[in-house]
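Asker:
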């Protein structure tokens with residue numbers, strides 16, 4: 325892992341994500357890039373306001389970000405860079421991830437509510453647009469060594485070994501145990517494609533201590549969250565791919581399912597090729 329990007333809007337959630345990312349950067353001796361994207365203010369008619377130039381706004385944001393860059397570099401002893409751009413945050417994050425050889429994007433998570441309210445529209449839009457792995461950090465989560473990793477899979481597709489490169493790297497670095505869970509709405513035998521997917525995953529995770537657990541629950545998301553409540557885990561992993569259950573969660577309002585406020589960092593691996 326060489327480059328970790330942390331999008332920041334200077335909120336407590338973004339700063340907390342930055343602290344987690346800095347710990348990872350220190351372990352992997354990776355470069356930490358703090359990134360801030362902002363949009364120009366839209367004038368509101370009949371409301372007096374003080375005009376500010378683009379240059380002034382850019383400088384103001386650069387000063388704010390520079391303070392955070394200096395704090396991270398001094399506190400964690402990692403190479404840290406700050407980048408400020410004008411534009412829609414989720415779009416600019418995607419462009420940055422394409423411009424740089426980014427290995428991981430770490431973003432903050434807000435409070436519970438619908439999925440957009442829970443982790444913020446910028447985070448959800450970034451997850452939809454990025455091809456880079458995204459690590460979402462809950463606002464109250466603090467970094468701790470990763471001893472157990474939970475990977476929630478539907479086994480409905482053939483996995484590309486490259487997709488799990490980061491997950492395998494984390495598991496090996498921390499010597500973590502991997503728990504692969506599959507949530508069914510009702511007890512039933514696996515379809516042939518799912519069986520093939522499970523066998524493929526079994527082969528990919530050779531050399532890593534891992535287990536498989538089948539869970540029956542009417543709500544996939546609630547089934548995952550209940551498992552997380554009763555099983556110690558420092559990281560939850562999901563794959564974002566076409567027609568995945570993660571995609572369905574992000575495309576609809578699952579207010580009830582997402583009312584639970586997750587306490588576990590969520591790593592989203594991107595399978596969008």
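In the working numbering, the protein residues as written are 325 to 597.
Even for Gly, the Cβ is constructed at its ideal location relative to N, Cα and C.
What did DSSP end up calling residue 409 once you bin it into helix, strand or coil?
Answerer: strand
Asker: Among 419, 405 and 549, which has the Cα closest to the Cα of residue 541?
Answerer: 549
Asker: Within the continuous alpha helix (DSSP H) that includes residue 554, where are the two ends?
Answerer: 544 to 554
Asker: With 16 other CB atoms within 10 Å as the buried threshold, where does residue 506 fall?
Answerer: buried
Asker: What are the boundary residues of the beta strand (DSSP E) that includes residue 361?
Answerer: 355 to 362
Asker: Pairs of beta-carbons, one from the region 350 to 366 and one from the region 401 to 410, closer than 8 Å: are there three or more?
Answerer: yes
Asker: Would you mind sorting residue 533 into buried or exposed? The rule is 16 or more other CB atoms within 10 Å of its CB.
Answerer: exposed
Asker: Once the 5 residues before and after residue 352 are set aside, which same chain residues still bring their CB inside 6 Å of it?
Answerer: 325
Asker: Consult DSSP for residue 395 and reduce its assignment to one of helix, strand or coil.
Answerer: helix
Asker: Counting Cβ pairs, one atom from each stretch, are 3 or more of them under 8 Å apart for the region 467 to 475 and the region 494 to 503?
Answerer: yes
Asker: Buried or exposed: where does residue 519 fall if 16 or more other Cβ atoms within 10 Å of its Cβ makes it buried?
Answerer: Counting C-beta atoms within 10 angstroms of its own C-beta, residue 519 has fewer than 16 neighbours from the protein chains shown and is therefore classed as exposed.
Asker: Looking only at DSSP bridge pairs, what is residue 508 linked to?
Answerer: 540
Asker: Going by DSSP in three states, residue 432 sits in which element: helix, strand or coil?
Answerer: strand
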